[in-house]
Amino acid sequence: MAYLSLDGEWTLTATGGPVPADFPHGPVRAVVPGCVHTDLLRAGLIDDPFDGDNETRQQWIGSTVWRYEREFEWSPDGSARYDMVAAGLDTLASLSVNGSPVGTTANQHRSYRFDIGHLLRPGLNRVAIEFDAPVDAAERIAEQHGGALPHVNHHPYNSLRKTASNFGWDWGIDVATSGIWKSVGIEAWSDVRIASVRPLVDVVGDFGVLTAHVSLESPARANTVTVTVARDGHELGHAEAVVHESGALRVIVPDVELWWPIGHGHQPLYDVTVTAGESVWAGRVGFRTVSLDTSTDADGNRFVISVNGRPIWIRGANWIPDHAFATEVTGARVERRIADAVDANMNLLRVWGGGMYESEDFYRICDERGVLVWQDFLLACAAYAEEPWLASEIEAEAREAVTRLSAHASLILWNGNNENIVGFAEWGWRSTLAGRTWGNGYYRSLFPSIVAELDPTRPYTPGSPYSFDDYLSPNDDKNGTVHIWDVWNQKDYTAYREWRPRFVAEFGFQGPPAWTTLTDAVHDAPLEPHGEQMLVHQKAEQGNLKLEHGYLGHLPAPRSIEDWHFTTQLNQANAMRFGIEYFRSLTPYNTGTIVWQLNDDWPVISWAAVDFAERRKPLWYALRAAYRPRLLTIQPAPDGLDLVVINDSPDAWTGSLVVERRSFDGAVLHSTSMSLDAAARSVQRHPLAVDSVTPGDEGTELIVATVAGGAPEDRAFWNFAEAIDQQLDPDPIEVEATATEEGARIVVTARSYVRDITVLADRADAAASVDASLVTLLPGESAEFELRSGRPIDPAAACDPTVLRHANQLVGQARAADVPSPA
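Using my numbering, the first residue of the sequence shown is number 126, and each one after it goes up by one.
See below:
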C-alpha cells in the first residue's frame with residue numbers, strides 16, 4: 126500500500142456570499158489541515174477573530190462559499206485502487222478531480238473515501254473542494270425540513286452535522302468555519318485493505334482476552350489475517366485466521382497486568398498489530414473491565430462507575446474543544462490540558478456533546494495518564510430530526526466513532542446526548558415540536574444498538590442528565606445524574622446544599638480569565654464590567670449581572686476594575702469549592718462530580734478553570750484542593766456541625782484530629798481531639814462538640830480542624846460568617862520576596878487570620894505562573910509561593926497589591942472607602 130499526502134499548501138477562493146468589496150478576487154494561500162479563518166488571518170486579510178469585537182465584523186465568513194484547490198503530481202504504480210481519503214471535511218463539501226465530480230460530504234464528524242482511479246492522469250492533476258456556507262446552509266436545511274427545531278443560541282446548528290459550539294455558545298465565539306480540518310490524501314492498494322479494527326478487551330481470572338473484530342475490503346474476499354499482542358517488544362499472544370469481509374480473532378494474554386484509573390493503580394498498555402496482506406493496523410489496549418450500576422436502592426437509582434469491579438469515586442471536569450479553530454490544537458497543547466486535569470486531582474474528563482470526537486492525542490494521553498473518559502455522542506441542547514436526511518449521517522458518524530475509539534482503555538462510558546431529554550421534558554419543547562421527531566429514537570434505540578453491536582464492553586446511558594426511569598424528571602437528584610444550573614442562574618451558591626444528588630455531571634460558576642488574557646483581547650477605555658468589548662467576551666445571558674449577584678453577601682462590592690476582576694475570580698473559586706466539598710461529603714450516596722468546565726476555546730469570561738491562554742485561574746487551585754484524594758471538610762448537620770473525613774486513597778488514613786475554635790488573633794478558645802482511623806476508600810463523619818461550634822462572636826472566630834502532624838493542607842476551616850461580615854485585619858501579612866533565575870519566590874507570614882491569599886502571577890510577568898494560591902493562614906503561619914516565567918521577576922513587582930491579593934484586602938478596602946473623611 127502507498128499513500129500520497131495532499132496536506133500542505135492549497136489555494137483558497139471566495140466563490141459566493143457577502144464578501145467585502147476590498148477582499149482579493151484571486152486565490153489566497155491556504156494550509157491543510159486548516160480552516161478559512163486561520164488562512165485569512167495568516168494572509169493578513171482579517172484581524173485576530175478573538176480580539177475586541179472582531180467577531181461581529183467577521184460574520185460574513187460563515188455565510189460565504191469557499192473553494193480549496195491544489196495541483197499534485199501522480200503516476201500509476203500498478204495498484205488496483207486509488208482512493209481519495211478525507212479524514213475530516215468541514216462540512217458540506219463537493220469534491221472534484223481534474224474538473225470531474227468525485228462526491229459530496231455532509232458531516233464534519235466522520236471521514237470519507239472515494240475511488241478516483243478513473244479520474245487520475247499521469248503527471249499533473251488538480252483537486253478542488255468547495256464548501257457551502259455553513260450558516261446559510263444550516264438555516265436553509267432547517268427550512269427545507271419544516272423549520273428549525275428547538276435549539277439554544279441563535280443558529281439552527283442541529284440541522285447540520287457540524288460541531289454545535291462552532292456556531293457560538295454561552296462561552297464560545299461564533300466563528301462558523303469551513304475547511305479541510307484533517308488530513309487528506311490518496312491511498313493506493315490492490316489485494317486487501319483493513320477497513321477497521323475493533324480490539325475489545327475482557328479479563329477472565331489472570332488472563333487478558335483480546336477479541337479483534339476486523340473488517341476488510343478486498344476483491345478476493347478471503348485473506349489471512351494475523352493479530353499479535355506485545356508489550357515492551359515481547360510478543361505475548363498471537364492469532365491467525367482466514368477472513369472474508371469480517372471476522373473476530375481472539376488472543377489470550379496470560380498473567381495480564383490490569384489497567385487502572387489514576388489513583389487506583391498503574392496503566393500498562395499492550396501493543397496490538399493486525400495485518401492482512403500489505404495492510405497493517407496498529408494500536409494499544411489496556412486490559413480492564415468497566416460497569417455502570419444504575420440499580421434502585423432505598424433512596425432512588427444509583428450511578429456507580431466501576432473499573433475491574435472496584436467502584437470509582439469520580440472527580441472530573443467537562444471538556445470542550447480547546448480552541449475555536451480545531452486545527453490549532455496541537456498534541457502538546459492537549460497534553461498540557463490533561464496535565465491541568467491530573468494536577469488538579471481529577472480522574473475523569475467528559476467529552477461534551479456540543480463539541481467533537483477528540484483527537485487520537487487526547488485519548489492516547491488519557492490512556493497513558495489513567496484519566497477516565499466519558500464520551501458523549503455529539504447531540505447537545507437541541508431537538509434533532511430522526512428522518513433519513515439527518516439520521517443516516519448520525520448513524521454513520523456514531524458507527525465510525527465507536528469503532529475508532531474502541532481501543533482506548535480510558536474510554537469507559539458512552540452517553541447519548543447532553544440535556545436533550547431534559548429539554549424535551551422540561552424546556553417547553555413538546556408544544557413547539559407539535560409531534561415532530563426530536564431525537565428520542567437515537568437515545569433509546571439507535572445509539573444503544575450501535576454500542577451493543579460494536580462495543581458491548583462499555584456501558585451506555587441515554588443522556589445527561591438522566592434518572593434511569595421514564596416516569597421521573599430527567600434531572601431528579603435522587604436518581605442517576607443531574608445538572609445543577611439554578612445556582613449560577615438564579616440562586617446564591619450556598620443553594621448547592623439544597624440538592625442531594627447521586628452524581629453531578631454538570632455544575633459551574635463563572636469568573637473572568639487571567640488579567641492578561643482578558644486585557645489582551647478587551648480594549649474598552651475605561652475598562653469596566655459592562656463595556657462594549659467586555660460584553661462581547663461574556664456570552665452568558667446577563668452573565669456579568671449574575672457575577673455581581675453571585676458575590677453579594679460574600680464579598681464587598683468592588684471599587685475598581687482590578688477589584689472586580691479579583692472579586693469575581695475569588696467568588697468563582699469559593700463557590701465551586703463549596704459545592705464540591707458538600708457533594709463529596711455525601712459519599713458514597715454521591716459517587717461523583719464533573720465540574721463545568723476545565724478549559725476555554727477563546728479568551729472569554731466563563732466557567733473554565735484554565736483560561737484560553739493556558740493560565741490557571743484561582744478556580745483551578747480551588748478544584749485541586751477540593752478534589753484532594755484525602756479531604757477534611759466541615760459540613761452542617763441536624764444538630765450542629767460534622768467534620769467529614771474522606772479518604773479516597775488506597776491506604777488507611779490514621780492519626781489524630783484536633784478541632785479548635787480560634788479567634789482571628791490566634792487565641793485558642795476551645796480545643797478537642799479525636800482519633801483518625803479512616804480505612805481506604807471510606808468516609809467518616811465526626812459530630813463536633815457544642816462548645817466547638819458555638820462562637821462568642823461570629824465576626825471574629827472560626828473553627829480549624831487539623832490532622833496532627835499532617836501536611837499543611839490536611840485541614841478544614843469553618844467560618845461562622847462570610848468575609849464581608851468578618852472583622853478581618855486589612856493588613857494581616859508580612860511579605861519577603863526574592864528574585865530567582867526562573868522568576869521569584871514570595872514568603873508570606875500572617876500576623877492575623879488571612880483568607881485566600883492568591884498570587885495573580887501574570888500581573889507580575891505576563892509569562893509567569895505560580896505553584897499555589899487560595900492559601901489561608903492563621904497567625905504566625907507562613908506560606909511560600911514560587912513564581913516561574915523563565916526569567917527573573919522584580920521582587921517589588923511580585924509583591925505589588927495587584928499581584929498578591931487576599932480576601933482581607935477586599936474587605937479592608939471596602940471599609941476604608943466607607944469611612945467618612947475628617948471634616
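Every residue gets a Cβ at the ideal spot worked out from N, C-alpha and C, and that includes glycine.
First through last residue of the alpha helix (DSSP H) which encompasses residue i
| i | result |
| --- | --- |
| Gln934 | 932 to 943 |
| Met701 | 686 to 710 |
| Glu657 | 657 to 661 |
| Ala550 | 545 to 551 |
| Ala646 | 640 to 646 |
| Asn179 | 179 to 182 |
| Trp554 | 554 to 558 |
| His162 | 161 to 167 |
Other residues of its chain near residue i: CB distance less than 6 angstroms, five sequence neighbours each side excluded
| i | result |
| --- | --- |
| Gly675 | Asn696 |
| Ser914 | Gly868, Asp890, Ala892, Ala893 |
| Asp327 | Val334 |
| Phe691 | Arg930 |
| Pro275 | Ala508, Trp554, Thr557 |
| Ser431 | Ser416 |
Buried or exposed by the 16-neighbour rule on C-beta atoms within 10 Å, applied to residue i
| i | result |
| --- | --- |
| Gln635 | buried |
| Phe148 | exposed |
| Val793 | exposed |
| His369 | exposed |
| Leu249 | exposed |
| Ser817 | buried |
| Ser685 | exposed |
| Ser796 | exposed |
| Gly456 | exposed |
| Leu912 | buried |
| His655 | exposed |
| His162 | buried |
| Thr863 | exposed |
| Leu670 | exposed |
As assigned by DSSP and simplified to three states, the class of residue i
| i | result |
| --- | --- |
| Arg524 | helix |
| Gly434 | coil |
| Gln269 | helix |
| Ala792 | coil |
| Gly678 | coil |
| Phe239 | strand |
| Arg749 | helix |
| Glu803 | Checking the sequence, you will find Ala at residue 803 rather than Glu. Three-state DSSP puts Ala803 in a strand. |
| Val607 | strand |
| Leu129 | strand |
| Ala948 | With a pLDDT of only 46 at Ala948, under 50, the local geometry of the prediction cannot be trusted, and the value read off the model is given with reservation. The answer is coil: DSSP assigns Ala948 none of H, G, I, E or B. |
| Asn614 | helix |
| Pro812 | strand |
| Val381 | coil |
Cβ neighbours of residue i in the same chain (closer than 8 angstroms, five flanking residues each side left out)
| i | result |
| --- | --- |
| Asp726 | Ser290, Trp296, Gly297, Ile298, Ile445, Pro446, Asp447, His448, Ala449, Phe737 |
| Ala948 | Low confidence applies here, because Ala948 scores a pLDDT of 46, under 50, leaving its location unreliable; read the following figure in that light. Cβ neighbours of Ala948 beyond the five flanking positions: none. |
| Ser774 | Gly388, Pro754, Arg755, Ala805, Arg806 |
| Gly821 | Leu794 |
| Gly141 | Thr189, Val190, Ala258 |
| Ser946 | For Ser946, the pLDDT reaches just 46, beneath the cut-off of 50, and the residue's location in the model is therefore unreliable, although a value from the coordinates is still provided. No residues qualify anywhere along the chain. |
Residue span of the beta strand (DSSP E) that contains residue i, given as start and end
| i | result |
| --- | --- |
| Gly408 | 404 to 410 |
| Ser817 | Segment 815 to 818 is the alpha helix (DSSP H) holding Ser817; no beta strand (DSSP E) there. |
| Glu255 | 248 to 256 |
| Asp854 | That residue, Asp854, is in no beta strand (DSSP E); it is neither H nor E in DSSP. |
| Arg870 | 868 to 875 |
| Val720 | 717 to 720 |
| Arg356 | 348 to 356 |
| Ala364 | 359 to 368 |
| Pro324 | 318 to 329 |
| Ile575 | No beta strand (DSSP E) contains Ile575, which is instead part of the alpha helix (DSSP H) from 572 to 579. |
| Pro226 | 225 to 231 |
Own chain, CB closer than 7 angstroms to residue i, minus 5 neighbours either side, in chain order
| i | result |
| --- | --- |
| Trp438 | Thr712, Thr716, Gly717, Asp773 |
| Thr693 | Gly636, Pro637, Leu672, Tyr676 |
| Ala307 | Looking at the sequence shown, residue 307 is not Ala but Lys. Closer than 7 angstroms at the Cβ level, and outside the excluded window around Lys307, lie Pro158, Ala212, Gly213. |
Give the list of continuous alpha helix (DSSP H) stretches no shorter than 4 residues that lie fully inside the region 426 to 509. 456 to 468, 485 to 494
Could you give the uninterrupted runs of the alpha helix (DSSP H) lying entirely in the region 730 to 788, keeping only those of 4 residues or more? 743 to 751
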